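Asker: My questions will all concern the structure given below.
Encoded structure:
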């Protein structure tokens, strides 16, 4: 029973991790921007969901599309107004800019929402399948992660905007020559990244405490997952998230919870040496 | 973590300075030596912002109270009190730098330590180097006080006192208690509490069936909770900060861990713990250093009784004070008392007066031991019952009988 339960714990956690990383991976892969705002976007989504639930009594699942849309608008605007100005500069420049923007967002949230941990106390219970326990809210998060990843995959493959994003990722200049408005595509991509973060935040408001203290933790996870899974492909985030979740779960059980995070980082280091593209990454985006 | 450390480094230029100047002090022609200057590096932003703001709030309340009364009498003359604060953004290194700035640039007479054992330790090293007395009101790990520092004094009692009395009390309440699972955050205070509890439980004849630490930044406790479930403990004892405890308690429920006693240190001491958990907080116990239900009278300082402090606090903030508020206000009382005993703000004289201190404050008796820590006393055990915090122990201030978790 133990092994199966630990595996299920890991898969469910891994799907939540994928939820964190999918938007981050997209932005990194397409824009070559390490978006330091990502953790704060997730927490902002969590706060919006919490306030909608606390003051208006709205169910987080119902609020999710609105929160995601708001984050999309915020992401689009930030990219269009600020990041696009320096997007072709070396990665350190964009990293510094998003870091500065993150400082502003993070501190605004701390000042106006306080750092007090809050949570949507809408406990949905657990499902017990032959002795394997699965919390419903985490399953919901898992479903959402899979759905969002699948949707994003389809959008990237089958829609005009998706093909444009992929084209820009492959060759910015050639894409521009083909008539693609590159800056617009960048803004859309960054917006989608923020949308994914907002949607993740809405689900997380039921699972994790919502507090600005966790922005750095989320960002750190997204970073590790992208390195493990690989940049440049949507499934990379899913594979990276699931791998990290399962590894942390087994390491936590057999080596002690103290070592769970260490083992995750160790895996990241090993992959950086032996397979810099990550588990399913595309060469050229490592 | 990746993001956090970068955050604080780059925010270096944004250090905000808040000087809380005593009412009237600016207008008067008071000379510099007629002002008691207290320096405090505080975590007003970052991970410990909530706790830092509690310190800031209660000291403002204390300062208003003291200065409204005209100041303090020292050696036959009246002195005003002034607080000089800086936000160290929950960055331990910066706390040390700002403590140094407070001493050398702002020339404060004494220092107040920030929240938590880890950051107190850093500031204590600076205070010791410059031989400036330091009052620590939210540091209870013995490892902070066993460095041979002469200028460090703490108002919280040692962790070990809490775990021994708790183990004895629970055994009395539940004689069939046999197995305990201990799960602590790998951080100065939570780790010290987890270690102390495991030792106290073993010494009391209980079987410690699980004893592990989790790293700072852990986002998931399912592996540990699954292992705890398999060990079938009668008592689950978890330590950590509020966000860890909320997540841990929720995952216990999610994965079906049931134990008659669930202790989360120091979760129920904070309102945000019960708010963040809702029904899941019911029955959770904790130790705490202080609870406003205690009833001390004839105390030194601006509040002569616990009730007087409670009334002023509730009027000012509309919420109940917790141990951080109580301990930090009492630390300011003790400091003033020491300055009065010394008859001046001379560092050495104040330090010697602090070492001799044996007073009663609204928060309880304060008597610094050899290592500078307040001597152990019966610290309250509290439990969440019907969304309220009830004191179970000691009997003198108990307001409810202990209930076992279903």
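Residue numbers (our numbering), protein chains in the order written: chain A, 3 to 288; chain B, 42 to 447. Ideal Cβ positions, reconstructed from N, Cα and C, are used throughout, including at glycine. Bear in mind the structure is a predicted one, so any value in this text is a computation, not a measurement.
Taking a Cβ distance cut-off of 8 Å, strictly less, list which residues of the region 223 to 244 of chain A are near chain B, in chain order.
Answerer: So the list reads 223 and 225, given in the order they occur along the chain.
Asker: Note down the Cα distance separating residue 208(A) from residue 216(B), rounded to an integer number of angstroms.
Answerer: Position 206 of the first chain, counting from 1, holds the residue named residue 208(A). Position 175 of the second chain, counting from 1, holds the residue named residue 216(B). Looking at the two C-alpha atoms, the distance is approximately 37 Å.
Asker: Excluding the 5 residues flanking residue 427(B) on each side, which residues of the same chain have their C-beta closer than 8 Å to its C-beta?
Answerer: The residue labelled residue 427(B) in the question sits at position 386 within the second chain. Cβ within range, chain order: 323.
Asker: Let me know if residue 30(B) comes out buried or exposed under the rule of 16 or more other beta-carbons within 10 Å of its beta-carbon.
Answerer: Since the first residue of chain B shown is 42 and the last is 447, residue 30(B) is not available in this structure.
Asker: Check the Cβ-Cβ distances between residue 227(B) and every residue of chain A, and say whether any is below 7 Å.
Answerer: Walking along the second chain from the start, residue 227(B) turns up at place 186. At least one chain A Cβ lies under 7 Å of residue 227(B).
Asker: Any heavy atom of the ligand ATP closer than 6 Å to the beta-carbon of residue 377(B)?
Answerer: This structure simply doesn't include the ligand ATP, nor any ligand for that matter.
Asker: Under 7 Å between beta-carbons, which chain A residues line up against residue 313(B)? List them in chain order, please.
Answerer: Looking up residue 313(B) in the second chain gives position 272. By Cβ distance, chain A contributes 118 and 119.
Asker: At the level of alpha carbons, what is the spacing between residue 130(B) and residue 372(B)?
Answerer: As a working note, residue 130(B) is residue 89 in the second chain. As a working note, residue 372(B) is residue 331 in the second chain. Going from the Cα of residue 130(B) to the Cα of residue 372(B) covers about 22 Å.
Asker: Tell me the rounded alpha-carbon separation between residue 298(B) and residue 279(B).
Answerer: For the purposes of this step, residue 298(B) is identified with residue 257 of the second chain, where counting begins at 1. For the purposes of this step, residue 279(B) is identified with residue 238 of the second chain, where counting begins at 1. Distance between the alpha carbons of residue 298(B) and residue 279(B): 13 Å.
Asker: CB residue 155(B) to CB residue 82(B), shorter than 7 Å?
Answerer: Here residue 155(B) refers to the residue found at position 114 of the second chain. Here residue 82(B) refers to the residue found at position 41 of the second chain. In this structure, residue 82(B) lies closer than 7 Å to residue 155(B) by Cβ.
Asker: Taking just the CA atoms, how far does residue 268(B) sit from residue 120(B)?
Answerer: Looking up residue 120(B) in the second chain gives position 79. Looking up residue 268(B) in the second chain gives position 227. Those two C-alpha atoms are separated by around 59 Å.
Asker: Mind checking whether residue 380(B) and residue 115(B) have CB atoms under 7 Å apart?
Answerer: Taking the second chain and counting its residues from 1, one reaches residue 380(B) at position 339. Taking the second chain and counting its residues from 1, one reaches residue 115(B) at position 74. Contact flag set, yes.
Asker: Which term fits residue 300(B), buried or exposed, when burial requires 16 or more other beta carbons within 10 angstroms of its beta carbon?
Answerer: By one-based count along the second chain, residue 300(B) stands at place 259. Looking at its Cβ environment, which holds 16 or more other Cβ atoms inside 10 Å, residue 300(B) is buried.
Asker: Can you pull out the residues from the region 258 to 274 of chain A whose beta carbon lies closer than 7 Å to at least one beta carbon of chain B?
Answerer: Under the 7 Å Cβ criterion, the region 258 to 274 of chain A contributes 258, 259, 260, 262 and 263.
Asker: In the DSSP assignment, find the unbroken beta strand (DSSP E) run with residue 10(B) in it and report its ends.
Answerer: Outside the displayed span of chain B (42 to 447) sits residue 10(B), for which this structure offers no information.
Asker: At 7 Å on the CB atoms, spell out the chain B contacts of residue 27(A), in chain order.
Answerer: As a working note, residue 27(A) is residue 25 in the first chain. Ordered by position in chain B, no residue passes the 7 Å Cβ test against residue 27(A), which lies about 15 Å from the chain.
Asker: Just mark residue 122(A) as buried or exposed, buried being the case when its beta carbon has 16 or more other beta carbons within 10 Å.
Answerer: Numbered from its first residue, the first chain carries residue 122(A) at position 120. That one is buried.
Asker: Taking C-alpha atoms, which residue in 387(B), 196(B) and 287(B) lies nearest to residue 179(B)?
Answerer: For this step, residue 179(B) is matched to residue 138 along the second chain. Checking every option, the nearest Cα to that of residue 179(B) belongs to 196(B).
Asker: Residues of the region 277 to 291 of chain B with a CB closer than 7 Å to any CB of chain A: list them in chain order, please.
Answerer: Those would be 283, 284, 287 and 288, in chain order.
Asker: For a contact defined as C-beta to C-beta under 7 Å, what are the partners of residue 215(A) on chain B?
Answerer: Here residue 215(A) is taken as the residue at index 213 of the first chain, counted from 1. In chain order: 88 and 284.
Asker: Nearest chain A C-beta to residue 72(B) closer than 7 Å, yes or no?
Answerer: As a position in the second chain, residue 72(B) is number 31, starting the count at 1. With a pLDDT of 45 at residue 72(B), under the threshold of 50, the predicted position of this residue should be treated as unreliable, though the coordinate-derived value follows. Not closer than 7 Å to any Cβ of chain A, the Cβ of residue 72(B) fails to qualify, so no.
Asker: Taking CB distances under 7 Å as the criterion, tell me whether residue 11(A) reaches chain B.
Answerer: Mapped onto the first chain, residue 11(A) falls at position 9. Yes - at least one Cβ of chain B is within 7 Å of the one on residue 11(A).
Asker: Reducing DSSP to helix, strand and coil, say where residue 86(B) ends up.
Answerer: Within the second chain, numbered from 1, the residue matching residue 86(B) stands at position 45. In the structure shown, residue 86(B) sits in coil (DSSP, three-state: anything other than H, G, I, E or B).
Asker: Contact between the region 192 to 203 of chain A and the region 26 to 46 of chain A: three or more CB pairs below 8 Å?
Answerer: Yes, the region 192 to 203 of chain A is in contact with the region 26 to 46 of chain A.
Asker: In terms of alpha-carbon separation, which member of 11(A), 102(A) and 21(A) lies closest to residue 150(A)?
Answerer: For the purposes of this step, residue 150(A) is taken as the residue at position 148 of the first chain. Closest option to residue 150(A), Cα to Cα, is 21(A).
Asker: Please report the Cβ distance between residue 38(A) and residue 97(A), rounded to the nearest whole angstrom; I am assuming they are in contact, meaning their Cβ atoms lie under 8 Å.
Answerer: Counted from its first residue, the first chain places residue 38(A) at position 36. Counted from its first residue, the first chain places residue 97(A) at position 95. Contact holds; Cβ gap of about 6 Å.
Asker: Could you check the C-alpha separation between residue 414(B) and residue 159(B) for me, to the nearest Å?
Answerer: Counted from its first residue, the second chain places residue 414(B) at position 373. Counted from its first residue, the second chain places residue 159(B) at position 118. Each residue's Cα considered, the two are about 16 Å apart.
Asker: Provide the residue span of the beta strand (DSSP E) that contains residue 220(B), from first to last.
Answerer: Taking the first residue of the second chain as 1, we reach residue 220(B) at position 179. 220 to 226 is the span of the beta strand (DSSP E), which, as asked, contains residue 220(B).
Asker: Could you check the C-alpha separation between residue 157(B) and residue 385(B) for me, to the nearest Å?
Answerer: For the purposes of this step, residue 157(B) is taken as the residue at position 116 of the second chain. For the purposes of this step, residue 385(B) is taken as the residue at position 344 of the second chain. The straight-line gap from Cα to Cα measures roughly 29 Å.
Asker: Please list the partners that residue 59(A) has in chain B, where partner means a Cβ-to-Cβ separation under 7 Å.
Answerer: The residue given as residue 59(A) occupies position 57 in the first chain. Chain B residues near residue 59(A): none, gap ~14 Å exceeds 7 Å.
Asker: Excluding five sequence neighbours on each side, which residues of the same chain lie with their C-beta closer than 7 Å to the C-beta of residue 240(B)?
Answerer: In the second chain, residue 240(B) corresponds to position 199, counting from 1. So no residue of the chain qualifies.
Asker: Can you list, in chain order, the residues of its chain with a C-beta nearer than 7 Å to that of residue 374(B)? Leave out the 5 residues immediately preceding and following it.
Answerer: Position 333 of the second chain, counted from the first residue, corresponds to residue 374(B). Closer than 7 Å at the Cβ level, and outside the excluded window around residue 374(B), lie 341, 342 and 402.
Asker: Whole angstroms is fine: what's the gap from residue 51(A)'s alpha carbon to residue 67(A)'s?
Answerer: For this step, residue 51(A) is matched to residue 49 along the first chain. For this step, residue 67(A) is matched to residue 65 along the first chain. Going from the Cα of residue 51(A) to the Cα of residue 67(A) covers about 10 Å.
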